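Asks: Can you read through this structure? Questions will come right after.
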Amino acid sequence: MINDFEAEQAILGSCLTSGRALNTVLSSKIIPEWFYDEKHQHIFRAIRKAQKSDIVLIKTALENAGKLKEVTLHYLTALMDSALPSTVNEHIKRVNERYIARFVYELCVNTKSDLEKGTFSNEAIDRIETELMVISDNRTTKPEAYDDVKFEAFDYLGKVEAGLAPGIMSGIDELDKLTAGFHGGELIIIAARPGHGKTSFALNTSMRARTPMLFFSLEMQKKALATRIIVSSSQVDAHKARSGHLDKDDWKEINAALGNEYPIYIDDGVNLNISEIRAKSKRFIGSKKIKMIVVDYIQLLSSGKKHESRRVEVGFLSRSLKRLALELDIPVIVLSQLNRANTTRHDKTPQLSDLRESGDLEQDADVVMFIHQDWMYNYDRKDEDKSREDVAEIIVAKQRNGALGKFDVEWDGATMTFSNRDFDYGN
1107 MINDFEAEQA
1117 ILGSCLTSGR
1127 ALNTVLSSKI
1137 IPEWFYDEKH
1147 QHIFRAIRKA
1157 QKSDIVLIKT
1167 ALENAGKLKE
1177 VTLHYLTALM
1187 DSALPSTVNE
1197 HIKRVNERYI
1207 ARFVYELCVN
1217 TKSDLEKGTF
1227 SNEAIDRIET
1237 ELMVISDNRT
1247 TKPEAYDDVK
1257 FEAFDYLGKV
1267 EAGLAPGIMS
1277 GIDELDKLTA
1287 GFHGGELIII
1297 AARPGHGKTS
1307 FALNTSMRAR
1317 TPMLFFSLEM
1327 QKKALATRII
1337 VSSSQVDAHK
1347 ARSGHLDKDD
1357 WKEINAALGN
1367 EYPIYIDDGV
1377 NLNISEIRAK
1387 SKRFIGSKKI
1397 KMIVVDYIQL
1407 LSSGKKHESR
1417 RVEVGFLSRS
1427 LKRLALELDI
1437 PVIVLSQLNR
1447 ANTTRHDKTP
1457 QLSDLRESGD
1467 LEQDADVVMF
1477 IHQDWMYNYD
1487 RKDEDKSRED
1497 VAEIIVAKQR
1507 NGALGKFDVE
1517 WDGATMTFSN
1527 RDFDYGN
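For the sequence shown, our numbering assigns the number 1107 to the initial residue and increments by one for each residue that follows.
So, in structure tokens, the structure goes:
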């Protein structure tokens, strides 16, 4: 059974007669394509435009769309007799199940056709996997009309203007001015050569934002990451902490820092693959309401399948992580190594072409930023002035929805902390 006509009628009738049921329906993931009957799709679009349980407003919306003759006022009125507002959630579930059944049926028919024609390939497997990922989140790849979504966009702009819907701020003022924060659906690449502070920057951002975050660490154990958080929060010297030379004042600062709570959830599975990251992220977004994901770092991540080259695999991973950001509507921050190309140039400043193993990282990312500490390349510690050791350059080399730029920030290597001057992690 690929449709449930009565459940569709019950949903629409409930929207026409009950404001509470209407709010329940509009706050769900339901979209017009879930309805099998085309008349029902037209009616639901009109209901979304009206935003009220008012048959006059809904009739007007149908007239404006040129669909009232197809639907008829008689049918619209008759739907009110089908209203079952107390069980509208159950009907939404039933209609969604039928929509998924149609989606899967169509996918199977297309796959069967590919097999019979001899056109089935690895690309077809990737397509099937992608489409199943989409439908598993009750999302659709079918387009929606601009008129159906423009008011949602208008409301979002109003919330941004009122300061109610900003992105997740990094706490680095110049970066936040450029990006307005990290936003849902965005894939953010933070890239640097080893030792330039990628992990520290991601942790510092999470600590300042105080927002629930899931940190997938493929390089460091959770104990080591927790130690970094304590060191940054207490501002004690990391080398002293690792070598067991903390004094009484240091321990006092550490004890005080333990009172700072950061909703950071760390997964240090060294053999993580992209499927596990997807599954765990979905569980945590439900149970812990996570607002951001960090993957440290992509070159250590596995796709869980064979590819013709590592370059192709990294491209697959970057597309998968971008899809994850879109599906969960949260920013996904991916740390990445740079190749050695910049070390052979006179100017060591990173470029987009330095992204290691895949140009797809640049293509899929909404934001690409580099961390660059020039002093690490260009000076002899015995002879040169060390004044630049506390400075790092942040380079926003790509931003899909904003400007590019570069600026200096403070880098405290002893506490592994990036910051603006005088930032207090305890407040």
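Built from N, CA and C at the ideal position, the CB exists for glycine as well. Treat the numbers as computed from the prediction; the structure is a model and nothing was measured.
Taking just the CA atoms, how far does Leu1309 sit from Ser1339?
Replies: Walking along the sequence shown from the start, residue 1339 turns up at place 233. Walking along the sequence shown from the start, residue 1309 turns up at place 203. So the alpha carbons of these two residues sit roughly 11 Å apart.
Asks: Can you give me the start and stop residues for the alpha helix (DSSP H) that Gly1365 sits inside?
Replies: Here residue 1365 refers to the residue found at position 259 of the sequence shown. First-last for Gly1365: undefined, no H or E at that position.
Asks: CB-CB under 7 Å to Glu1292, same chain, minus the five flanking residues each way: which ones, in chain order?
Replies: On the sequence shown, position 186 is the one that residue 1292 refers to. Ala1431, Pro1437, Asp1472, Val1473.
Asks: Which partner residues does Gly1511 have in the DSSP bridge list?
Replies: Within the sequence shown, the letter at position 405 stands for residue 1511. Its beta-bridge partners are Val1502.
Asks: With Val1473 as the anchor, note down where its beta strand (DSSP E) starts and where it stops.
Replies: As a working mapping, residue 1473 is identified with position 367 in the sequence shown. Looking at the DSSP string, the run of the beta strand (DSSP E) that includes Val1473 is 1473-1478.
Asks: Three-state secondary structure (DSSP) at Leu1090?
Replies: The structure shown does not extend to residue 1090, since the chain is modelled only from 1107 to 1533, so the question has no answer here.
Asks: If you reduce the DSSP assignment to three classes, tell me which class Met1319 lands in.
Replies: Taking the first residue of the sequence shown as 1, we reach residue 1319 at position 213. Three-state result, Met1319: strand.
Asks: Please work out which residues of its chain come closer than 7 Å, Cβ to Cβ, to Ala1113, disregarding the five sequence neighbours upstream and downstream, and give them in chain order.
Replies: Stepping through the sequence shown from its first residue, residue 1113 is reached at position 7. Hits under 7 Å: His1197, Arg1200, Val1201.
Asks: Can you give me the Cβ contacts of Asp1279 inside the same chain, cut-off strictly under 6 Å, excluding the 5 residues immediately before and after it?
Replies: Here residue 1279 refers to the residue found at position 173 when the sequence shown is read from its first residue. Excluding sequence neighbours, Asp1279 sits near Asn1526.
Asks: State buried or exposed for Pro1191, treating a residue as buried only when at least 16 other CB atoms are found within 10 Å of its CB.
Replies: Sequence index remark: in the sequence shown, residue 1191 carries index 85 (1-based). Buried: at least 16 other Cβ atoms inside 10 Å.
Asks: Buried or exposed for Trp1357, going by 16 or more other Cβ atoms inside 10 Å?
Replies: By one-based count along the sequence shown, residue 1357 stands at place 251. By the neighbour-count rule (16 or more Cβ atoms within 10 Å), Trp1357 is not buried but exposed.
Asks: Look up Ser1339 in the DSSP assignment and say whether it is helix, strand or coil.
Replies: Here residue 1339 is taken as the residue at index 233 of the sequence shown, counted from 1. Helix, per DSSP.
Asks: Checking the sheet assignment: what are the DSSP bridge partners for Gln1443?
Replies: Taking the first residue of the sequence shown as 1, we reach residue 1443 at position 337. Bridge partners of Gln1443: Ala1298.
Asks: Tell me the rounded alpha-carbon separation between Lys1218 and Phe1226.
Replies: Residue mapping note: residue 1218 aligns to position 112 of the sequence shown, counting from 1. Residue mapping note: residue 1226 aligns to position 120 of the sequence shown, counting from 1. Using only the alpha carbons, I get a separation of about 9 Å.
Asks: Have a look at the DSSP bridge pairing and note the partners of Val1438.
Replies: Along the sequence shown, read from residue 1 onward, the residue named residue 1438 stands at position 332. For Val1438, the beta-bridge partners assigned by DSSP are Leu1293, Ile1399.
Asks: Contact between the region 1291-1305 and the region 1379-1390 is defined here as three or more beta-carbon pairs at a separation below 8 Å; is this criterion met?
Replies: Output reads no: the region 1379-1390 does not touch the region 1291-1305.
Asks: Could you name the residues that DSSP lists as bridge partners for Asn1379?
Replies: By 1-based counting over the sequence shown, the position of residue 1379 is 273. DSSP links Asn1379 through a beta bridge to Ser1408.
Asks: If the criterion is Cβ atoms closer than 8 Å, does the pair Leu1182 and Lys1165 meet it?
Replies: One-based indexing of the sequence shown puts residue 1182 at position 76. One-based indexing of the sequence shown puts residue 1165 at position 59. Closer than 8 Å, so yes.
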